[in-house]
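Going line by line, the protein sequences match chains A and B.
Residue 657 is where the first sequence starts when you use the working numbering, and the numbers rise one by one after that.
Residue 14 is where the second sequence starts when you use the working numbering, and the numbers rise one by one after that.
Beta carbons: idealized from backbone N, C-alpha and C, even for Gly.
For clarity, every value in this text was computed on a predicted model and none was experimentally measured.
Everything on this sheet refers to the single structure shown next.
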Amino acid sequence: MNLKLLGETLQNSEIILLKALSKSKILDSHKQMSNVEFMRSAMYLNNKKLVRILKSERKVVILLENGLEAAKKLLPELILADVLKKQSLTFKRGEKLLGSAKFRFAVGYLRAGNYVRVEKGMIHLTPEGKKLKTTPEMNLIQKLNKSELNLAKLSAAEKASFLSLSKRKKVIGLIKRTEYNVKITALGEEILNNLPKIPGIEANTPAVIRSGIWKSKKFRRYDVEAPVPDTNLGKKQPYMQFLDDIRMKMVELGFKEMSGPIIETEFNNFDALYQPQNHPARKFTDVYKLKNPKTGKLPDKRFVDAVKAAHENGGKTGSKGWQYSWNDKISKQLMPRSHTTPVSARQMMKGVNIPGKYFTIGRVFRPDVLDATHLIEFNQLEGIVIDKNLSFANLLGTLEKFAIEVAGAKKVRFLPDYFPFTEPSVQMDVWSEKLNKWVEFGGAGIFRPELTETLGIKEPVIAWGLGIDRMFMQKIGSRDIRELFANNIAWLRKQGAIV
Amino acid sequence: MPTIDIHKQDLEELVGRKFTVAELEEVAQYFKGEVEYVDGHNIKLEIKSTDRPDLWNVEGVARVLRAQFSKNQGIPKYKAKSPKMTINVSKKVKGIRPYIAAAVIRNIKLDNFSLKQLIQAQEKIAGTFGRKRKEVAIGIFNLDRLTTPLLYTAEKPDKIQFEPLDGGKDMTMSEIIEIHPKGREFGHLVKPFAHYPIIIDADNKVVSMPPIINSEHSGKVTTRSKNILIEVTGLEMRYVETALDILAMSLADRGGIIEQVNISDAKGNTIVTPTFGVKEMSVSKSLIDRTFGRHVSDPEIKSLLLKSRHDVDHIDKTSSGHAHVKYSSYRQDIMHPIDIIEDMLIAYGYNNIEPIYPIMSTQGELSQETDRNRRIRELMIGTRAQEISTFMLTNKNNLFRKMNLTEDNIVEIINPISLNWSTLRNWLTPSLIEFLSKNTKVDYPQRIFELGQVVNLNKRSETGTVDEYKLAYAEAGSKVNFTRAKSILQSIVRATGKSPTFIARDYPSFIPGRSAEVKLGEKSIGIIGEIHPLVLNNWKIEVPVVCWEIKTI
């Protein structure tokens, strides 16, 4: 910016400061300005390279709690001397007067200065002692009681008192103060010769606009290049944003969103999914159970009867079943759902469109210890696809499409897997360029006939469940899964809106 | 998931083919396995088939791989010699542990590998398949130290003494349960009974105390043992026989000669084990075609079945007919024809199947609540508040005591990992206050919101509870003010086309005179207020906080 334009950016306070600096070269305050105004003007000028702000640190001496008390009541040695002026004291009386520690210190101080002598356990003032009115230490305390003092500027005598008082407990202390001095630059000197003849209009107001004064006068220029602080924008939580994006992609792929309750019966969480009641995954160590409330209600009898038959002997599904005696009491027990598949079970009981595609994203709960790789509750993405004649090849096609379109994977592979409620079952891995290896992405399969036929569906149902949390971690390159539910607002404020 | 340790050279000898580690990683899919860890020839495999105990040792893995790489296909066939020894079963075990099956293996040459595999298989099968020995327990004995016939019976815990394996001295059965490590681990399986199961030989020597421990006398099998007896006890014959078949097959794979054992009950009924039973299942050809997503020809069906170690009786010519399949009875996991079809798909190779994305005309749609929640969250972002997301699991201390409320009934977990996570939240505000309490060192003002679920008890509901989405907002800082918070709340509700009213009402969490009930007409939808300093102290927050929480109607 040329000098003329730069001159037009100056506010009145900046001009006053520059002029003052032109005379005295260096300043740390100005009579006409508050400290805040002075610093603000100096900062503006500094940004425009018209002044330089010199930062320096100095140590200052201040009174601490015992020093503040002495400022009110005198130091113990002076209190003792005052008493001794009236009468000599035994040690016992002296200790009673000041307390043992302070008394011993005061006697020591006064003896060293030859202000007292001790004879046969009695303390007497010397002639010098009778003249004692104050001490250098006391003087320093009184001075400090008025204002803090710059350590570097103490006189030799004050420095000695400072050292002496430093040895006493909590009388004086040192703290750092940062000081700013402002110095004019060559450009600053030069600009003073280039100030506009008529000062610019400062604030643009409705009055200014109406008056037409702007036709004859210029507006003061702003320093538009000056740095400004950040604004804390209102932002979505990054993981919630990610889930929003996934939901939109699912909708684009033709999926309808389902929902189901957080607290589920074991019927929906397990039995309806053909998981036998003695299955190890139903144990206390693997899933949460409730103290309150304990039991819920079973669905329509036709589903309950069909599920019971499927477990016991396969019912009408062409299966042999698990061959045990199914217990409806276990089935009624409530639990926080351990996966999102009960949401699919509910949807099937409610009825589905054929062809139909459904999904849900929801919280699930398992008794894990919270650490960098485990959450106590996490999110699952569950999807089902129903149509006449859906094949295993269609399952793989759906998974591949999903991995590529939704998760942004480049390459996938499939491995045989086992889940109690799907057959055939598959694990999908995606190739991670970052880690240079296959990473497990999720499990899927075709729901077992014992499951779908029992819930009234004749057609094959492709189903998959993904721990979507790990997908997000990969996306943001996080190693700590706890960041998903970050409780650090500084971290949240830093996150971009586009992940 | 079972993990098993194998030795690569041992596997190669059993399969008759060498493998690189990369090849092994590739072929592991045929037995639903994954190579977990490699250290020279020592390999750790994870077997994902929690329903296939026949795959939980190297012999089982080799059995699958032989079918892929040689003509050793179809049902694994094992010859068993007729029984020479008998186990008599007393009726006393009825109602305690009723079933026993046994096999003799003669002329076995056990080396360190095979002995290790035998013990590993015994542990995995009894542990996982046998539900920690409840359903199935396995004993392996040095046959040459036994006098036959054996008697499987049950006796009073203090009646009989013997030296348990690694016990060091004679003990009664009750002492074993109190003192011996295995007794302490598995004693609970017999404790409820007045009599404990026991196997005694013809010389009245104790052989074993199933399902707890073998005797030191005959229960020690080493590489020098030539002839061994395997005995399996349990609650259901189908599981007992499955476990016996698997162990007998594995030892036969190592050159042992299987000899059957007579099992005679008190009435004189005798069965022989092992039987290596074969079962039949008809698999509809149209289900095969539908699942493969293409026509699978009869020869291909046959070839895939054989590779899956099943036999084919015959295949109907018509396309609506069936493939009549024979499978080994140890395949207890086979319940439905679809299980056999999965075997065929695995034998074919998942990655040889071309994925086909099904073209379907369906209309995607967000649920009403997601759609509404998303709009509300966007309005909140417009107020420049930061969205947060917190756990639904919390505890009563946070929900009640720290909020200056008296405890109420809420959803509680009976088996929490930590008391910190022992209830589900019934309101959202404590989550926000907790968040603020973790950020007291960060610049103020802090303005946050969460739209999240809470769970409340409801007796009439099917699940005893009702979930609800709530919207909560909090602002913290030296200059926060009630008016702005109220104004934001009012504007958010108005933006949804409704108009809230505010009724002055005191709540224990808020400063008296500075809180209100929020209503829509007659219906209460939430609260607003300035948090009481008492509550702020509880959370160690030193700046004023104003907050509100409403239903997202």
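Q) Is residue 826/A near residue 733/A, with beta carbons less than 7 Å apart? A) Here residue 826/A refers to the residue found at position 170 when the first sequence is read from its first residue. Here residue 733/A refers to the residue found at position 77 when the first sequence is read from its first residue. A distance of 7 Å or more separates the beta carbons of residue 826/A and residue 733/A.
Q. Which runs of the alpha helix (DSSP H) spanning at least 4 residues fall entirely within the stretch 914–946 of chain A, listed in chain order?
A. Taking only runs of at least 4 residues, the alpha helix (DSSP H) segments lying wholly in the stretch 914–946 of chain A are 922–925.
Q | Option nearest residue 158/B by Cα separation, candidates 97/B, 351/B, 228/B | A | Position 145 of the second sequence, counting from 1, holds the residue named residue 158/B. Cα-wise, what sits closest to residue 158/B is 228/B.
Q. Who are the neighbours of residue 940/A on chain B, taking C-beta pairs under 7 Å?
A. The residue labelled residue 940/A in the question sits at position 284 within the first sequence. Listed by position along chain B, the residues whose Cβ is nearer than 7 Å to that of residue 940/A are 428.
Q. With 7 Å set as the bound, which would you pick, yes or no: does the beta-carbon of residue 856/A sit closer than that to a beta-carbon of chain B?
A. Position 200 of the first sequence, counting from 1, holds the residue named residue 856/A. No, residue 856/A does not count as interfacial toward chain B.
Q | Contacts of residue 305/B in chain A (Cβ-Cβ under 9 Å) | A | As a first step, residue 305/B must be located in the second sequence, where it is residue number 292. The contacting residues are 1047, 1048, 1049.
Q) With respect to the alpha helix (DSSP H) encompassing residue 254/B, which residues constitute its N-terminal and C-terminal limits? A) By 1-based counting over the second sequence, the position of residue 254/B is 241. Element bounds for residue 254/B: 250–266.
(Q) Using only the alpha-carbon positions, how far apart do residue 1155/A and residue 893/A sit? (A) Taking the first sequence and counting its residues from 1, the one referred to as residue 1155/A is at position 499. Taking the first sequence and counting its residues from 1, the one referred to as residue 893/A is at position 237. Residue confidence for residue 1155/A is low, a pLDDT of 49 falling below 50, so the modelled location carries little weight; the figure read from the coordinates is stated next. Within the model, the alpha-carbon separation for residue 1155/A versus residue 893/A is close to 11 Å.
Q: Taking residue 480/B as part of the beta strand (DSSP E), name the residues at either end of that continuous run.
A: Walking along the second sequence from the start, residue 480/B turns up at place 467. First-last of the beta strand (DSSP E) with residue 480/B: 478–489.
Q | Extent of the continuous alpha helix (DSSP H) run through residue 381/B | A | Here residue 381/B corresponds to residue number 368 of the second sequence, with the count starting at 1. It spans 381–394 - the alpha helix (DSSP H) in which residue 381/B sits, taken as one unbroken run.
Q | chain B contact for residue 883/A (CB, 7 Å cutoff) | A | Position 227 of the first sequence, counted from the start, is the residue given in the question as residue 883/A. Taking Cβ atoms only, chain B never reaches closer than 7 Å to residue 883/A, which makes this a no.
(Q) Is there a C-beta anywhere in chain B that falls below 7 Å from the one on residue 1011/A? (A) Indexing the first sequence from 1 puts residue 1011/A at position 355. Residue 1011/A belongs to the set of residues whose beta carbon lies under 7 Å from a beta carbon in chain B.
Q.
Pull the bridge partners of residue 1071/A from the DSSP assignment, please.
A. Taking the first residue of the first sequence as position 1, residue 1071/A is located at position 415. Looking at the DSSP assignment, residue 1071/A forms a beta bridge with 1083/A.
Q: Helix, strand or coil for residue 405/B, going by three-state DSSP, please let me know.
A: The count along the second sequence starts at 1 and reaches residue 405/B at position 392. Reduced to three states, the DSSP call for residue 405/B is coil.
Q | Interface residues of chain B facing residue 1122/A [CB-CB closer than 8 Å] | A | Position 466 of the first sequence, counted from the first residue, corresponds to residue 1122/A. Within chain B, no residue comes near residue 1122/A; the closest Cβ sits about 17 Å away, beyond 8 Å.
Q.
Excluding the 5 residues flanking residue 12/B on each side, which residues of the same chain have their C-beta closer than 7 Å to its C-beta?
A. Not covered by the structure: residue 12/B. The range shown for chain B is 14 to 566.
Q.
Please identify, using Cβ separations under 9 Å, the residues of the stretch 308–326 of chain B that lie next to chain A, in order along the chain.
A. Listed in sequence order: no entries.
Q: Answer with buried or exposed for residue 666/A, where buried requires no fewer than 16 other C-beta atoms within 10 angstroms of its C-beta.
A: As a first step, residue 666/A must be located in the first sequence, where it is residue number 10. By the neighbour-count criterion, in which 16 or more other beta carbons inside 10 Å mark a residue as buried, residue 666/A falls on the buried side.
**Q.** Residues near residue 968/A by beta carbon distance below 6 Å, same chain, minus five either side
**A.** Residue 968/A sits at position 312 when you count from the first residue of the first sequence. If the five residues before and after residue 968/A are omitted, its C-beta is found closer than 6 Å to the C-beta atoms of 977, 982, all from its own chain and listed in chain order.
Q: Would you please state the rounded distance, in angstroms, between the beta carbons of residue 465/B and residue 403/B? I believe it to be under 8 Å.
A: By one-based count along the second sequence, residue 465/B stands at place 452. By one-based count along the second sequence, residue 403/B stands at place 390. Contact flag correct, Cβ pair sits at about 7 Å.
Q. First and last residue of the alpha helix (DSSP H) that includes residue 547/B?
A. Counted from its first residue, the second sequence places residue 547/B at position 534. Residues 546–551.
Q: Could you work out which residues of chain B lie near residue 748/A, taking near to mean beta carbons separated by less than 7 Å?
A: Along the first sequence, one-based indexing puts residue 748/A at 92. Those do not exist, as residue 748/A stays about 47 Å from chain B at its closest Cβ, beyond 7 Å.
Q) Between the C-alpha atoms of residue 337/B and residue 974/A, what's the straight-line distance to the nearest angstrom? A) Stepping through the second sequence from its first residue, residue 337/B is reached at position 324. Stepping through the first sequence from its first residue, residue 974/A is reached at position 318. The alpha-carbon atoms of residue 337/B and residue 974/A are separated by roughly 15 Å.
Q: Examine the Cβ distances between the stretch 735–744 of chain A and the stretch 774–790 of chain A and report whether three or more of them are shorter than 8 Å.
A: Touching, yes, given that three or more Cβ pairs across the two stretches are closer than 8 Å.
Q.
Does any residue of chain A have a CB that is nearer than 7 Å to the CB of residue 448/B?
A. Here the question's residue 448/B lines up with position 435 in the second sequence. The Cβ of residue 448/B sits closer than 7 Å to at least one Cβ of chain A.
Q) Considering only residues of the stretch 44–103 of chain B, which uninterrupted alpha helix (DSSP H) runs meet the minimum length of 4 residues and lie entirely inside it, listed in chain order? A) If we require 4 residues or more, the alpha helix (DSSP H) runs fully inside the stretch 44–103 of chain B come out as 71–82.
**Q.** Exposed unless 16 or more other CB atoms sit within 10 angstroms - verdict on residue 548/B
**A.** As a position in the second sequence, residue 548/B is number 535, starting the count at 1. It counts as buried.
Q.
Please state the DSSP three-state secondary structure of residue 158/B.
A. As a working note, residue 158/B is residue 145 in the second sequence. The three-state secondary structure of residue 158/B, taken from DSSP, is helix.
Q: Sort 536/B, 515/B, 521/B, 543/B by Cα distance to residue 617/B and report the nearest one.
A: An answer regarding residue 617/B cannot be provided, because it is not within the stretch 14 to 566 covered by chain B.
Q. Secondary structure at residue 370/B, three-state DSSP: helix, strand or coil?
A. Mapped onto the second sequence, residue 370/B falls at position 357. Here residue 370/B carries a coil assignment [DSSP, helix/strand/coil].
**Q.** Cutoff 6 Å; reference residue 62/B; Cβ partners in own chain excluding five residues on either side
**A.** Along the second sequence, one-based indexing puts residue 62/B at 49. 45, 68, listed in sequence order.
Q: Quick one: list the residues of chain A neighbouring residue 348/B, beta-carbon separation under 8 Å, in chain order.
A: Position 335 of the second sequence, counted from the first residue, corresponds to residue 348/B. In chain order: 970, 975, 976, 977, 978, 1106.
**Q.** Separation of residue 1133/A from residue 75/B, as counted between CA atoms
**A.** Locating residue 75/B in the second sequence gives position 62, where the first residue counts as 1. Locating residue 1133/A in the first sequence gives position 477, where the first residue counts as 1. Rounded to the nearest angstrom, the two C-alpha atoms are 40 Å apart.
Q.
Please return the same chain residues whose Cβ sits closer than 6 Å to the Cβ of residue 35/B, not counting the five positions on each side in sequence.
A. Your numbering for residue 35/B matches position 22 in the second sequence. Closer than 6 Å at the Cβ level, and outside the excluded window around residue 35/B, lies no residue.
Q) Is it right to say residue 174/B is buried, meaning 16 or more other beta carbons lie within 10 angstroms of its own, or is it exposed? A) Numbered from its first residue, the second sequence carries residue 174/B at position 161. Under this definition residue 174/B is an exposed residue.
Q) Of all Cβ atoms in chain A, is any one closer than 7 Å to the Cβ of residue 496/B? A) Working through the second sequence from its first residue, we reach residue 496/B at position 483. Closer than 7 Å: no.
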